[in-house]
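Residue numbers for the sequence shown follow this note's numbering, beginning at 298 and rising by one.
Worksheet: one structure, shown below.
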Amino acid sequence: MGRVTSDTTATDAAAQHAPEPPGAPPVWQRRLRRFGLPARPQTDVRARLVPAFPEPSGRLWAAFGAGPEAAARLTRWSGWLGPLLVALFAGVLRFWNLGSPRKVIFDETYYPKDAWSLLQYGYEGTWAKNANDALVGHPPQLLLSPEHSYVVHPPMGKWLIAVGEGLFGMNPFGWRFMVALLGTLSVLLVCRIGRRLMRSTALGCLAGALLAVDGLHFVMSRTALLDLIVMFWVVAAFGCLLVDRDRTRARLAGALPVGPGGVPLPDEGVGGRLRLGWRPWRIAAGLCLGLATATKWNGLYYLAAFALMAVLWDVAARRTAGARHPFRSALRRDVLPAFGATVVVALATYLASWSGWIATKGGYYRDWATSPEGRTGHWTWLPDWLRSLWHYQTEVYSFHTGLTTPHAYQSNPWSWLVLGRPVSYFYEDPKAGQDGCTAAEGCAREVLALGTPLLWWAACFALLYVLYRWLFKRDWRAGAIVCGVAAGYLPWFLYQERTIFLFYAVVFVPFLCLALAMLIGALIGPPGSTERRRTIGAVGAGVLVLLIAWNFIYFYPLYTGMPIPKSAWHHRMWFDTWV
298 MGRVTSDTTA
308 TDAAAQHAPE
318 PPGAPPVWQR
328 RLRRFGLPAR
338 PQTDVRARLV
348 PAFPEPSGRL
358 WAAFGAGPEA
368 AARLTRWSGW
378 LGPLLVALFA
388 GVLRFWNLGS
398 PRKVIFDETY
408 YPKDAWSLLQ
418 YGYEGTWAKN
428 ANDALVGHPP
438 QLLLSPEHSY
448 VVHPPMGKWL
458 IAVGEGLFGM
468 NPFGWRFMVA
478 LLGTLSVLLV
488 CRIGRRLMRS
498 TALGCLAGAL
508 LAVDGLHFVM
518 SRTALLDLIV
528 MFWVVAAFGC
538 LLVDRDRTRA
548 RLAGALPVGP
558 GGVPLPDEGV
568 GGRLRLGWRP
578 WRIAAGLCLG
588 LATATKWNGL
598 YYLAAFALMA
608 VLWDVAARRT
618 AGARHPFRSA
628 LRRDVLPAFG
638 ATVVVALATY
648 LASWSGWIAT
658 KGGYYRDWAT
668 SPEGRTGHWT
678 WLPDWLRSLW
688 HYQTEVYSFH
698 TGLTTPHAYQ
708 SNPWSWLVLG
718 RPVSYFYEDP
728 KAGQDGCTAA
738 EGCAREVLAL
748 GTPLLWWAAC
758 FALLYVLYRW
768 LFKRDWRAGA
778 IVCGVAAGYL
788 PWFLYQERTI
798 FLFYAVVFVP
808 FLCLALAMLI
818 GALIGPPGST
828 ERRRTIGAVG
838 AGVLVLLIAW
848 NFIYFYPLYT
858 GMPIPKSAWH
868 HRMWFDTWV
């Protein structure tokens with residue numbers, strides 16, 4: 298009996314120290330199951346790596362009278378047809394009467410003029426003090442001289458604005474054209490990103506439609522500022538990383554061995570040691586993040602956040618594929634290529650954006666390295682243009698961190714999500730009979746950078762929902778959305794003494810719309826819910842979306858500078874801080 302007990306104990310001890318089978322849940326999860334924690338449903342490993350898109354139904358097209366073949370064809374095209382229709386709607390809104398107001402509004406006093414100067418000289422020249430009035434005069438005048446001027450933002454966004462000016466001239470439509478185009482394309486990107494993220498064409502199109510009717514995104518799409526350009530490149534980078542994620546996980550899934558019954562099995566060799574090869578979509582993401590940073594420096598925060606997120610996605614993919622030490626495997630095989638594809642590519646892109654300044658000799662600080670101050674130090678062996686550029690960057694950094702000049706429309710980031718202090722870009726109060734005013738009391742014309750209030754306030758609850766999904770349900774999609782919001786929002790809390798504005802938040806507005814679409818999807822109910830549950834959820838979601846659309850229409854005059862009676866303008870000033 299003693300020998301039997303001893304052998305049994307030895308067997309138990311060996312079993313305790315035996316390696317766990319690939320894909321086994323962690324020990325802490327197995328212990329919690331003793332107290333009632335339900336186990337995750339076991340699914341095909343390949344399906345966990347790359348969830349399939351649900352097969353769309355042709356019932357919608359059949360309801361519109363399409364025949365079986367036409368309905369099947371339209372259903373196959375719906376993944377592109379729906380997003381393109383939403384983008385077309387957004388484009389019509391943004392390009393309609395784009396040249397109005399025919400004024401240089403708010404910070405258009407900087408970037409369109411710098412863009413035109415880049416076209417002429419390759420660097421930013423100097424404009425006369427009355428240049429704004431001369432630009433929209435009859436006839437317009439370009440009061441530009443080649444004397445360099447000091448600018449505090451990289452040139453990429455201004456080069457893009459210059460494309461529209463080169464095509465349509467130095468006028469409001471010309472300098473707003475490319476920003477409106479990028480605003481429209483960003484709606485298309487969000488539709489496609491939402492579709493891939495949530496595996497639902499309807500929810501993807503909903504996210505894009507919400508972006509199309511957001512007031513802040515709308516106003517920024519019709520104003521030649523840099524922040525919407527940063528937003529476009531950030532969204533494009535996010536989309537590239539999503540495609541890279543799916544393709545990488547598909548490569549892992551395709552390499553897994555197949556067990557009895559044709560079921561793929563997790564495998565240590567595949568999950569832990571497979572090299573993931575050439576990843577062009579990750580390089581494209583690095584390029585986009587470099588273009589964002591080369592427009593405004595807040596793109597750097599997205600570069601850091603997205604690069605880390607992409608590596609964590611690799612860790613999760615390797616764990617699902619069967620790696621016993623996924624962090625170690627990712628560190629050995631993925632981190633260095635990821636650094637090269639994102640950080641190195643972004644840095645090279647940033648340097649390339651300064652090519653006009655580098656190739657010419659007239660730019661600000663261009664010859665600093667040859668000055669008496671520049672000839673000293675330990676880095677004189679570097680090329681003169683590189684040392685001059687580095688000095689320029691340090692001066693710009695000092696400017697940005699020390700900018701505390703008070704402004705009437707500055708706001709603290711704590712108030713952004715509730716739209717505490719929007720920015721007025723343009724205001725006039727024409728009398729009856731002037732500028733289209735027909736009200737005896739007089740009119741107001743304003744362009745107010747204000748997000749659609751109901752959308753933003755609903756998005757606050759959506760952020761709480763995605764935080765819950767990420768922290769407690771381990772939903773990577775919610776985590777990705779949280780990352781997109783956090784990288785564009787949280788860094789501004791480090792600069793609360795700096796002069797900052799609500800319109801900086803346009804960079805993370807697409808992620809708010811994705812969060813709200815995800816919340817609306819949850820309201821409607823998951824597949825398999827009862828018909829009553831889905832009906833109630835769909836009605837509630839429909840009412841919310843219609844209210845958001847109505848809210849956009851209500852504030853539309855304040856987004857476009859339309860003349861409205863003074864009383865109607867006052868009715869739209871819901872809070873004193875909006876005035």
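Glycine included, C-beta positions come from ideal geometry on N, C-alpha and C.
Check                                                                                                                                                                                    : Outcome
Would DSSP call residue 320 helix, strand or coil?                                                                                                                                       : Because residue 320 carries a pLDDT of 49, less than 50, the predicted location of this residue cannot be relied on, and the following value inherits that uncertainty. In this structure, residue 320 counts as coil in the three-state DSSP scheme.
Excluding sequence positions up to five away, which residues of its chain have a Cβ less than 8 Å from the Cβ of residue 611?                                                            : 545, 573, 627, 631, 635
In terms of alpha-carbon separation, which member of 842, 738, 869 lies closest to residue 862?                                                                                          : 738
Considering only DSSP beta bridges, list what residue 745 is partnered with.                                                                                                             : 721
Give the DSSP-derived three-state secondary structure of residue 826 in the structure shown.                                                                                             : coil
What are the partner residues of residue 423, as DSSP defines its beta bridges?                                                                                                          : 442
Would you kindly report the start and end of the unbroken alpha helix (DSSP H) that includes residue 706?                                                                                : Here residue 706 belongs to no alpha helix (DSSP H), and DSSP marks it neither H nor E.
Going along the chain, which residues of its own chain have a beta-carbon closer than 8 Å to the beta-carbon of residue 561, five neighbours each way excluded?                          : 341, 342, 343, 550, 553, 554, 555
From what residue to what residue does the alpha helix (DSSP H) around residue 691 run?                                                                                                  : 681 to 698
Given a cut-off of 8 Å, decide if residue 527 and residue 697 are closer than it, judged by their beta-carbon atoms.                                                                     : no
Should residue 462 be labelled buried (16 or more other beta-carbon atoms within 10 Å of its own) or exposed?                                                                            : buried
With a threshold of 16 other CB atoms inside 10 Å of the CB of residue 871, please say whether the residue is buried or exposed.                                                         : exposed
Does DSSP classify residue 734 as helix, strand or coil?                                                                                                                                 : coil
For residue 432, report the span of its alpha helix (DSSP H) as first-last.                                                                                                              : 428 to 432
Going by the beta-carbon positions, is the gap between residue 504 and residue 531 smaller than 8 Å?                                                                                     : no
When you compare only the Cα positions, how much space is there between residue 836 and residue 651?                                                                                     : 52 Å
Kindly list the residues whose CB is nearer than 7 Å to the CB of residue 721, restricted to its own chain and excluding five residues on each side of it in sequence; keep chain order. : 706, 743, 745
Let me know if residue 408 comes out buried or exposed under the rule of 16 or more other beta-carbons within 10 Å of its beta-carbon.                                                   : buried
Roughly how many angstroms lie between the CA atoms of residue 442 and residue 427, to the nearest whole one?                                                                            : 13 Å
For my contact list, residue 708 and residue 717 are in at a C-beta cut-off of 8 Å; report their separation, rounded to the angstrom.                                                    : 6 Å
On a Cα-Cα basis, can you pick out the residue from 603, 386, 640 that is closest to residue 846?                                                                                        : 386
Have a look at residue 855 and residue 843 and give me their C-alpha separation to the nearest angstrom.                                                                                 : 20 Å
For a quick check, are the C-beta atoms of residue 472 and residue 431 less than 8 Å apart?                                                                                              : no
Please report how far the alpha carbon of residue 853 lies from the alpha carbon of residue 512, in whole angstroms.                                                                     : 8 Å
Provide the residue span of the alpha helix (DSSP H) that contains residue 602, from first to last.                                                                                      : 596 to 618
Taking buried to mean at least 16 other C-beta atoms within 10 Å of its own C-beta, is residue 309 buried or exposed?                                                                    : Any answer about residue 309 is weak, because its pLDDT of 46 lies below 50 and its placement is not dependable; what the coordinates show is given next. Exposed, since its Cβ has fewer than 16 Cβ neighbours within 10 Å.
Give the DSSP bridge partners of residue 862, in chain order.                                                                                                                            : 740
Tell me residue 561's beta-bridge partners as DSSP assigns them.                                                                                                                         : 555
Assign residue 675 to one of two classes, buried (16 or more other C-beta atoms within 10 Å of its C-beta) or exposed (fewer than that).                                                 : exposed
Taking residue 465 as part of the alpha helix (DSSP H), name the residues at either end of that continuous run.                                                                          : 453 to 465
Determine the direct distance from the alpha carbon of residue 857 to that of residue 736, and round the result to whole angstroms.                                                      : 18 Å
Counting pairs of Cβ atoms below 8 Å between the stretch 801 to 815 and the stretch 496 to 510, do you hit three or more?                                                                : yes
Just the C-alpha distance for residue 566 and residue 579, rounded to the nearest angstrom, thanks.                                                                                      : 24 Å
Between which two residues does the alpha helix (DSSP H) holding residue 402 run?                                                                                                        : It is not in any alpha helix (DSSP H) - residue 402 carries neither H nor E in the DSSP assignment.
Any heavy atom of the ligand NAD closer than 7 Å to the Cβ of residue 503?                                                                                                               : As for the ligand NAD, it is missing from this structure, which has no ligand bound.
Reducing DSSP to helix, strand and coil, say where residue 436 ends up.                                                                                                                  : coil
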